[in-house]
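In this note's numbering, the protein residues as written are 6 to 72.
In structure tokens:
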């Protein structure tokens, strides 16, 4: 989700993850609005909502996938 990034993060994201879908809001929408747009665009039955200050302990993402 690009909610008004002021740097070159979008091209970097697309270069590193060409198969991923990047939603570009075009403005700073705020966290809740961005999350709602992401969930509405999702084709998955699952979502992991994180903020930028999240730090995982070892293997947490793998454990979530297994669950």
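Note that CB positions come from ideal geometry on N, CA and C, so glycine has one too. In this text, all values refer to a predicted model and were calculated from it rather than measured experimentally.
Residue 69 and residue 44 closer than 8 Å at C-beta: Looking up residue 69 in the chain shown gives position 64. Looking up residue 44 in the chain shown gives position 39. Not in contact: residue 69 and residue 44 (Cβ atoms no closer than 8 Å).
Simplified DSSP state of residue 60, which is helix, strand or coil: The count along the chain shown starts at 1 and reaches residue 60 at position 55. Here residue 60 sits in coil by DSSP.
Rounded separation between residue 31 and residue 60 - CA only: The residue given as residue 31 occupies position 26 in the chain shown. The residue given as residue 60 occupies position 55 in the chain shown. Taking the straight line joining both Cα atoms gives about 27 Å.
Cβ neighbours of residue 26 in the same chain (closer than 8 Å, five flanking residues each side left out): The residue given as residue 26 occupies position 21 in the chain shown. Hits under 8 Å: 46.
The alpha helix (DSSP H) enclosing residue 66, as first and last residue numbers: Position 61 of the chain shown, counted from the start, is the residue given in the question as residue 66. Segment 65-71, the alpha helix (DSSP H) holding residue 66.
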